[in-house]
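Everything on this sheet refers to the single structure shown next.
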Amino acid sequence: MAVPKKRTSLSKKRIRKNIWKRKGYWAAIKALSLSKSLSTGNAKFCTTKKKEPSLGFRNSKNLKKKRTKSWIWKFEESE
């Protein structure tokens, strides 16, 4: 026979909710820190390398003047 469970107390509910909020807070701080390091170029886990765009099947004589700079991210594993 099914027995109804006791109601969760308000204090226990508040504690669980605060733990859940704290996890989101730390995730947001880490994401902001990562975005700052990538935007300033101080990131230690990845490096940038200039890559020339692919010419494809077009006429390469006309494209030499129109080349633009593009960036590629190379991720390195930390040891």
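What the sequence shown shows, in our numbering, is residues 456 to 534, in sequence order.
All C-beta atoms in this analysis are idealised placements derived from N, C-alpha and C, irrespective of residue type, glycine included.
Bear in mind the structure is a predicted one, so any value in this text is a computation, not a measurement.
- Annotated as proximal: Ala-498 and Leu-489, with beta-carbon spacing under 9 Å.
- For Thr-463, there is no enclosing alpha helix (DSSP H), since its DSSP letter is neither H nor E.
- In the structure shown, Asn-497 falls within a coil segment according to DSSP collapsed to helix, strand and coil.
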